[in-house]
Amino acid sequence: MTDSVSKHLGGGRSKINQVSIKAEINYEKILNLFFNKIKFIKTNLIKNDKYAEELFKHIEEEEEIIFPINKHIELFILNHQKDITKITNYLIFRYKFHLAGKDKLNLGYPPYLLIEPVSSCNLKCPFCFQIDKSFTRKPFMGIMDFDFFKKIVDEANNIGVGAITIASRGEPTLHKKYIDMLKYISAKENIFELKTNTNGTFLTEKMCHGIFKSNVNQIIISSDHYEKEKYEKLRLGADFDKVVKKVDMLYEIRKKHYPESVTEIRISGIDNERNLDRKKFHEFWIQRSDHVSAGFPLERWDTYNNNEHPEINDPCENLWDRMYVWFDGKVNPCDADYKSYLSYGDAKKESLKKIWNSNIIQESRKKHLNGDRKNINPCNKCGVTFC
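Take the sequence shown: its letter number 303 is residue 1465 in the numbering used here, and every next letter is one higher.
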């Protein structure tokens, strides 16, 4: 099975999402990796896990994987195909992550964690909340303490979190211990996916080596155009030529020094004017990356003054499949709510697991399931649907 244009589901199942451009997926190869080892997997790797049993029973009997495989999942599996234990446990994690959002299933812990090293950014893009002047000041601006960061990661590794992204409201490479953060997560045996987002402006040679040495699974570089003038109009404060050189440096360092690297380099663009030539966009960036995607902007440059969307009332999957942790410990269900109206705990005061199952978040889930999303601020102004 191949997809010329496939949804990039790594971040969820939202209908407003990044879409992979010309990303063919070798589905049969992935399926056969598991089908040919099914007896070993069932005998040695499935340990009274009903979701794992369901997943591999379907592979054995129906000769298909029960949930969608996207480019990111394909690259992870093929990059680790020699380690059947790792890719089996990874596939189980991805299936649970899929079910958590799709079926509104509380696994008892957040399967996916997004950690914010810093809340500030050096750019002011027109489609981002960083242009909201009421946000870019105290108490919203700050830097995460490294010891607190380690506490979060240690707990995540122990409770079942399968993926961590280093990024959220700000530009993560602004943190002085950014590479130390990646290195610390990479040493955790239960966290399969280590991802990081960046606008690429601060990439250095040392940082590139640190990314590959930490076996980061995916580095997503936000770049919205292939033409200098249009890029710089969208990425206000960035120099197109310098960013391209930095991305080239990243790509060449991997090619020269880490030919067996598992790190996927993805270019992610925002089609702000809704007229991006995606063919040309892909042709330009695929020369220096593994995967190119583009999506339309979310309504989050001023979420709280957006028009309401009473027609969008389906439950938000973020309440079940991820947790955001800000620099100051505040926990949030999403970063469209960048001022934390919906915060449901403080990771400096309570455990992630306790917060995940707290009365506050349980009540939010209940309201969404009961059709009350349209009455919750700012959920009613988000514009994202999963239907």
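Each residue gets a CB set at the ideal place from its N, CA and C atoms; glycine is no exception. All values derive from a computational prediction rather than experimental measurement.
For residue i, tell me which candidate among the options has the shortest Cα-Cα distance.
i	options	result
Y1420	E1391, I1373, S1430, G1399	I1373
P1495	S1330, L1240, H1387, V1378	S1330
L1269	D1245, D1483, H1387	D1483
S1376	K1264, C1283, F1311, V1424	V1424
G1457	E1190, F1308, S1385	S1385
K1441	Q1243, E1236, H1387	H1387
F1259	E1426, N1475, L1207, F1354	F1354
N1206	C1283, T1250, G1362, Y1503	T1250
K1528	D1452, E1445, L1267	L1267
D1452	E1236, R1535, H1220, L1531	E1236
Assign residue i to buried or exposed, taking buried as 16 or more other Cβ atoms, counted over all protein chains shown, within 10 Å of its Cβ.
i	result
T1465	buried
N1537	exposed
I1277	buried
Y1257	buried
K1390	exposed
Y1500	buried
T1358	buried
K1543	buried
P1472	exposed
Y1360	In the sequence as presented, Tyr is not what sits at residue 1360; that position holds Thr. By the 10 Å Cβ count, T1360 comes out buried.
K1408	buried
R1436	exposed
D1403	exposed
P1279	buried
I1347	buried
C1549	exposed
D1245	exposed
I1356	Just to set this straight, residue 1356 is Leu in the shown sequence, not Ile. The residue is buried, with at least 16 neighbouring Cβ atoms inside 10 Å.
G1533	exposed
Please work out which residues of its chain come closer than 7 Å, Cβ to Cβ, to residue i, disregarding the five sequence neighbours upstream and downstream, and give them in chain order.
i	result
P1459	F1289, I1432, N1434
K1286	Q1292, I1293, L1398, G1399
K1350	V1315, N1319
C1370	M1411, L1412, I1415
K1248	H1242
Looking at the structure shown, is residue i part of a helix, part of a strand, or coil, going by DSSP?
i	result
E1512	coil
G1431	strand
H1453	strand
T1298	coil
I1305	strand
K1169	Legend: pLDDT at K1169 = 35, less than 50; position of this residue unreliable, value from coordinates given subsequently. Three-state DSSP puts K1169 in a strand.
E1394	helix
V1409	helix
Y1486	strand
G1263	helix
K1492	strand
G1507	strand
E1461	coil
E1426	strand
G1533	coil
By DSSP's criteria, residue i is part of a beta bridge. Which residues make up the other side?
i	result
T1360	I1383
A1325	Y1274, E1355
E1225	Looking at the DSSP assignment, E1225 forms no beta bridge with any residue, so it has no partner.
V1280	I1305
Going along the chain, which residues of its own chain have a beta-carbon closer than 6 Å to the beta-carbon of residue i, five neighbours each way excluded?
i	result
F1308	K1339
Please tell me whether residue i has its Cβ less than 8 Å away from any Cβ of chain D.
i	result
W1463	Considering every chain present, this structure includes no chain D. It has just one protein chain.
Apart from the five residues just before and just after residue i, which ones in its own chain have a Cβ nearer than 8 Å to its Cβ?
i	result
D1342	F1308
L1396	C1287, P1288, F1289, D1386, H1387, I1432, N1434
A1262	N1268, L1269, P1273, E1479, W1482, D1483
If you measure from the CB of residue i, is any heavy atom of the ligand GDP nearer than 7 Å?
i	result
I1305	Here there are no bound small molecules, and the ligand GDP is not part of this structure.
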